[in-house]
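Notes follow the structure.
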Amino acid sequence: MPRALVGLTLVAVIVVGGFLGAGDIRRSRAAEGPSVASALSTHVLDTASGRPVAGVPVRLVRDGKTLGLGKTDADGRLELGPAPLEAGTYQLIFDVHGVYPKSFYPEITVSFQIGDPAAHLHLPILLSPFGFTTYRGS
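Shown next as structure tokens:
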């Protein structure tokens, strides 16, 4: 068998084996259930430009105590908080003025309730210079 054909056969075996093994790993992880890094995630989007807002400081607060803090990444996303969060009322506080100075709102506080401690919450902010909105995402 020519050396080139042997090399191609070996590469094909490695590639196919990798795909098969990767599928086994994905199936075994799925059987274990999802891993939850945090109980809460957020996303800040500038609706005027259609782009994410990176670097927004965000705090997760309950009863005046900060439970988590961080800054949105290059895609405007951030995961916060221990998993799971107990049932109760929380606040997400977004300090938008430092990275989005055109905002009329220097700080945005979103109060929300958790009823199911096992559920993951996604609370994005859609931001524009003179307004914002939020919703419970998935």
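Numbering (my numbering), first residue to last: 42 to 179.
In this text, a Cβ means the ideal position worked out from N, Cα and C, and glycines have one as well.
Because the structure is a prediction, the values reported are computed rather than measured.
Open item on the list: Short of 6 Å in beta carbon distance, which residues of its chain neighbour Leu110, apart from the five on each side in sequence? Order them along the chain.
Closed with: In the sequence shown, counting from the first residue as 1, residue 110 sits at position 69. Excluding residues up to 5 positions away in sequence, Arg100 lie with their Cβ nearer than 6 Å to the Cβ of Leu110 in the same chain.
Task: 3 or more residues per run - each beta strand (DSSP E) lying fully within the stretch 99 to 141 - done: For the stretch 99 to 141, whole beta strand (DSSP E) runs of length 3 or above, ordered along the chain, are 106 to 112, 118 to 121 and 129 to 135.
Task: Opposing strand residues paired with Phe173 [DSSP bridges] - done: The residue given as residue 173 occupies position 132 in the sequence shown. Per DSSP, Leu168.
Open item on the list: Pro98 and Pro125 - do their beta-carbons sit closer together than 8 Å?
Closed with: For this step, residue 125 is matched to residue 84 along the sequence shown. For this step, residue 98 is matched to residue 57 along the sequence shown. No; because the gap between Cβ atoms is not below 8 Å, this pair is not in contact.
Task: Which of helix, strand or coil DSSP assigns to Val97 - done: Residue mapping note: residue 97 aligns to position 56 of the sequence shown, counting from 1. The DSSP-derived three-state label of Val97 is coil.
Open item on the list: Using DSSP's beta-bridge definition, name the partner residues of Asp87.
Closed with: Counted from its first residue, the sequence shown places residue 87 at position 46. Beta-bridge pairing links Asp87 to Arg92 and Leu168.
Task: Three-way DSSP call (helix, strand, coil) for His161 in this model - done: Residue 161 sits at position 120 when you count from the first residue of the sequence shown. In the structure shown, the three-state DSSP call for His161 is coil.
- [ ] Look at the alpha carbon of Pro170 and the alpha carbon of Pro142, and state the distance between them as a whole number of angstroms.
- [x] For the purposes of this step, residue 170 is taken as residue 129 along the sequence shown, with counting starting at 1. For the purposes of this step, residue 142 is taken as residue 101 along the sequence shown, with counting starting at 1. Spanning the two alpha carbons is a distance of roughly 9 Å.
TODO: For Tyr176, count neighbouring C-beta atoms within 10 Å of its own C-beta (all shown protein chains included) and say buried if the count is 16 or more, exposed if not.
DONE: Locating residue 176 in the sequence shown gives position 135, where the first residue counts as 1. If you draw a 10 Å sphere on the C-beta of Tyr176, you find fewer than 16 other C-beta atoms in it, and that means exposed.
Task: Alpha-carbon to alpha-carbon, Thr83 and Gly129 - done: Working through the sequence shown from its first residue, we reach residue 129 at position 88. Working through the sequence shown from its first residue, we reach residue 83 at position 42. So the two alpha carbons sit approximately 18 Å from each other.
- [ ] Specify, as a first and last residue, the run of the beta strand (DSSP E) that Phe153 falls within.
- [x] Position 112 of the sequence shown, counted from the start, is the residue given in the question as residue 153. Unbroken beta strand (DSSP E) run through Phe153: Ile149 to Ile155.
Task: Contact check, Leu162 vs Ala80, beta carbons under 8 Å - done: Along the sequence shown, one-based indexing puts residue 162 at 121. Along the sequence shown, one-based indexing puts residue 80 at 39. With contacts defined by Cβ atoms closer than 8 Å, Leu162 and Ala80 form a contacting pair.
TODO: Look at the Cβ atom of Leu108, then the Cβ atom of Leu167, and state whether they are nearer than 8 Å.
DONE: Start at 1 with the first residue of the sequence shown, and residue 108 comes out as number 67. Start at 1 with the first residue of the sequence shown, and residue 167 comes out as number 126. 8 Å or more divides the Cβ of Leu108 from the Cβ of Leu167.
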